[in-house]
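Before any comments, here is the structure.
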Amino acid sequence: MSDLHPSAALPGREGGGEGASLEPDGAPLPTSAELAAARWTALFVAVVALVAAVLLRSALMRYERAKVEHAADAAAQRAAGLIEDRLVSSYQSLRGNVEVWGRFGPRPAPEWEAEAEGFLRDHPGYQALTRLHPALGNAIAAKPPGRAMLRAIAPLMAQRVETAGEIEASRGEVAAGPFTLEDGRKVFGLQVPITYPKPLQPGVIFAVFEPAEAVARITARMIPAYSVRVSTGGVEVYGTGEPAPNTPAEWRRVQEVRPPIGPLWTIVLEPTAELVATEIGTVPDVVFVSGAVIALLLGSITYLGQLVSARARALGRANRALTQRFAEGERARAELDRLNDELEARVDERTATLEDAVAELETFNYSVSHDLRSPLGAILNFGAILSEDYRDRLDAEAQGYLRRIMTSAEAAVSMMNALLAFSRSGRDEIKKTRVDMGQLARTVADELRSSQPEYAGAEIQIGELPAAHADATMMRLVLTNLIGNAMKFSRDAADRRIEITGRSDAEETFYGVTDHGIGIDMKYTDKLFRVFERLHSSEEFEGHGVGLAIVARIVRRHGGRVACEGAPGKGATFSFVLPRA
Amino acid sequence: MTDHLARDIVLVEDDGNDLAVALRAFRRGQLDGKVQVLRDGAAALEYLRDVTHGAGVVRPKVVFLDLKMPKVDGLSVLRELRADERTRRIPVVVVSSSDRDNDVREAYRLGANSYLVKRFDPARPGGYLVDAARYWLDLNRP
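Line by line, the protein sequences are chains A and B. Numbered according to our numbering, the first sequence terminates at residue 581, and the numbering increases by one at each position without gaps. Numbered according to our numbering, the second sequence terminates at residue 1142, and the numbering increases by one at each position without gaps.
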């Protein structure tokens, strides 16, 4: 039974199982191997996340760069197109005007100058116009810097034309430049012959054209965010915007433009830092930083998660250990329960057997008593008939025997009835009600005194009796037996008082019947409440030894108990106790 | 059985001793000529059905019926009598040595008019039957 000792079922600290150590407060700890594993796992996750962030950033960068390159392609073509258009249209405009001026004949200088100034206003890039004609004289229209430019490039032009010798080849049209002026501005000189109606000989229209001005509006409005360098003949005639530092070569776009006259123009287009910032922007960097942060977070979370799961595993191990111990305890308890159940079942079985036996005995008792009644009744009846119908034919001796027969049969019937009463006291259902014991005692005492002449002299004193929670019929039987006994055993005594007393406490009610008759010897008290046990012969006191047995049985069936005390010659007190509920 | 008229008192009793005591008591009470004795339940049923058959019959004024009988017991006789229109209203006094509540209750439930516990009276053996018979014959209005 030692394995059933309760402490065996309690979880102890010894033998905690594989690695499931316990903190002082009893919480299980992860092992150091688990902690190291948690750290390495976290580091691994963080590195993987970081690498992922880097890869993502470069992928994003590639995408952004491709976008920039694509945009640069478009911008370069656009720029080239726009610049070519501008150059062509500027030159065509000049040509057209020159033709018109020639066709409508020579104008006085002031008139032509006014028209030329209108032309200058409408056509950006042109800084000055002059009409050179041997017969009509020279006329000049110029913007504020145009006159100075004209003066600066005239000698260069003359030299250029002469040396070039291209007038005939180009039908007299010449584009010369670019010339870099003293202030750094780059200009072209354009010479277009003007033909007048005969007999006037042709003249020349000379224009100063500054490409920067012509192109500036285009690039400013149409190709923003790009650095544009326009050069021709090895000279940069226009430049705007700063290319982004460290601009990769693949972002650089070069376009060539063929003007209506003169050498090729080269346009170099590069994205500005502003464009790079706008287009590529901070997205990849933000992504990268976010990725790094996420990597750190992931690492931390992984570490914490590993810690938690390590802790959970440790808890699980501790739990399993506890569960195992608990299960052992449970098994022991189940075994104990089983034994208990077995014992209870055996007790129930025995009790049932005993109850069956008792019930059988009671039934037997009842049937025997009942069946004996009939023959006994016959004896009594025929005895009575015999003594009546044949009185004169029976002598005194015969009649004496007949009386003995009758008396014995009556005694047997009386005993039968007592037995039946005893049997019934054990069989009848108890119907508990509130019973006024004082009233019942008075009724019973009165009945007893009037039923037997020798009981008439009893002095009954009934005290305050608490009400009983009991079967009224059975209480009547109890009181009848006890009071009857008291009357019987004190009928010859000097003191004929019979005191019936009672009291109660919170749980029980007490009743006692005291007489001052022959009393009882206490050494026989254990026999008193047994059926058919008598302390006196029936010659001394009639009775069958059933009354007190009935009392005891009824009281016990009510959950109470009986007692008696007394001494020979000093009377006796029989008492019983009933539960209040 | 149709050759005799129904008598006022029908005594159904199988026990010879009780029957002897009862018949002596009826003789003493000068009622012996009015008593028809039947010794078991089956005979009692046959007799009672027979005498109540036909118009203008004279029904018994009381039936003393023992409970414990061979073949058909008293309670079965009672049940049969009460189930038959012709015998439904015949007064039946159950006479038994049992004073158990269950027996008494069952007898009344099946329609007994009265229940007597067999008793011993040294001065007048069986006298209680005569007293009861006088009530049903002289006092009771059927």
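Cβ coordinates follow ideal geometry from the N, Cα and C atoms, glycine included.
Bounds of the beta strand (DSSP E) holding A/ALA139 are 139-142. Annotation: Cβ neighbours of A/GLY377 in chain B (cutoff 7 Å, chain order): LYS1118, PHE1120. Residue burial annotation: A/GLN461 is exposed, with fewer than 16 other C-beta atoms found within 10 angstroms of its C-beta. Against chain B, the beta carbon of A/LEU361 has no neighbour under 8 Å; the closest one sits roughly 18 Å away. Going by DSSP, A/ILE520 is part of no alpha helix (DSSP H) at all; its letter is neither H nor E. Every beta strand (DSSP E) stretch that sits fully inside the region 419-498 of chain A and reaches 3 residues is listed by chain position as 432-435, 459-462, 468-471. Taking a Cβ-Cβ cut-off of 9 Å, B/ARG1079 has no neighbours in chain A, whose nearest Cβ is about 23 Å from it. Neighbourhood of B/ASP1032 in chain A, by CB distance below 7 Å: empty, with the nearest CB roughly 15 Å away. If you check the CB distance, B/LEU1065 and B/ARG1082 do not come in under 8 Å.
Restricted to the region 83-154 of chain A, the beta strand (DSSP E) segments that are unbroken, complete and at least 3 residues in length are 126-132, 139-142, listed in chain order.
Counting the other Cβ atoms within 10 Å of the Cβ of B/VAL1058 gives fewer than 16, which makes it exposed. By the Cβ-count criterion, A/TYR390 is exposed, with fewer than 16 other Cβ atoms from all chains shown falling within 10 Å of its own Cβ.
Near chain A, meaning a CB-to-CB distance below 8 Å, the residues of the region 1068-1101 of chain B are SER1097, SER1098. Note on A/GLY569: under 16 other CB atoms within 10 angstroms of its CB, so exposed under the neighbour-count rule. Ranked by Cα distance from A/MET149, the first of A/ARG496, A/PHE179, A/HIS133, A/SER425 is A/PHE179. Inter-residue distance for A/ALA418 and A/GLY463 is about 30 Å (C-alpha atoms, whole angstroms). A/TRP265 is bridged by DSSP to A/THR232, A/VAL257. Between A/GLU242 and A/SER227 the beta-carbon gap is near 6 Å, inside 8 Å, which marks them as a contact. Per DSSP, A/ALA552 is one residue of the alpha helix (DSSP H) stretching across 547-557.
Interface residue (Cβ-Cβ distance to chain A less than 8 Å): B/ARG1024 is classified as such. Taking all protein chains shown into account, A/ILE430 has fewer than 16 neighbouring C-beta atoms within 10 Å of its C-beta and is therefore exposed.
DSSP, reduced to helix, strand and coil, places A/VAL531 outside both helices and strands of the structure shown, so it counts as coil.
A/LYS186 carries a strand assignment under DSSP once its states are collapsed to helix, strand and coil.
A/LEU548 and A/VAL531 have their alpha carbons spaced roughly 8 Å apart.
At a C-beta separation below 9 Å, A/HIS370 has these neighbours in chain B: SER1097, SER1098, ARG1100. Only those residues of the region 379-396 of chain A whose C-beta falls short of 7 Å from the nearest C-beta of chain B are listed: LEU380, ASN381, ALA384, ILE385. Check the Cα spacing between A/GLU34 and each of A/LYS488, A/SER309, A/GLY560, A/LEU578: the tightest is with A/SER309. Counting along the chain, A/SER575 sits inside no alpha helix (DSSP H); it lies in the beta strand (DSSP E) bounded by residues 572-579. The straight-line gap separating the alpha-carbon atoms of A/ARG449 and A/VAL513 is approximately 16 Å. Taking a Cβ-Cβ threshold of 9 Å, the residues of chain A close to B/ASP1015 are SER374, ALA378, in chain order. Setting aside the 5 residues that flank it on each side, B/SER1097 is surrounded in the same chain by LYS1068, VAL1117, LYS1118, each with a C-beta closer than 8 Å to its C-beta; the list follows chain order. For B/VAL1012, none of the residues of chain A pass the 8 Å Cβ criterion, the least Cβ distance being about 16 Å. Here A/ARG253 really is in contact with A/LEU269; their C-beta atoms are around 4 Å apart, less than 8 Å.
Residue state for A/ILE379 is assigned as helix, using DSSP reduced to three classes. Interface with chain A (8 Å Cβ-Cβ cutoff): B/VAL1130 is excluded. Inter-segment contact for the region 95-103 of chain A and the region 68-75 of chain A is absent: fewer than three beta-carbon pairs are separated by less than 8 Å.
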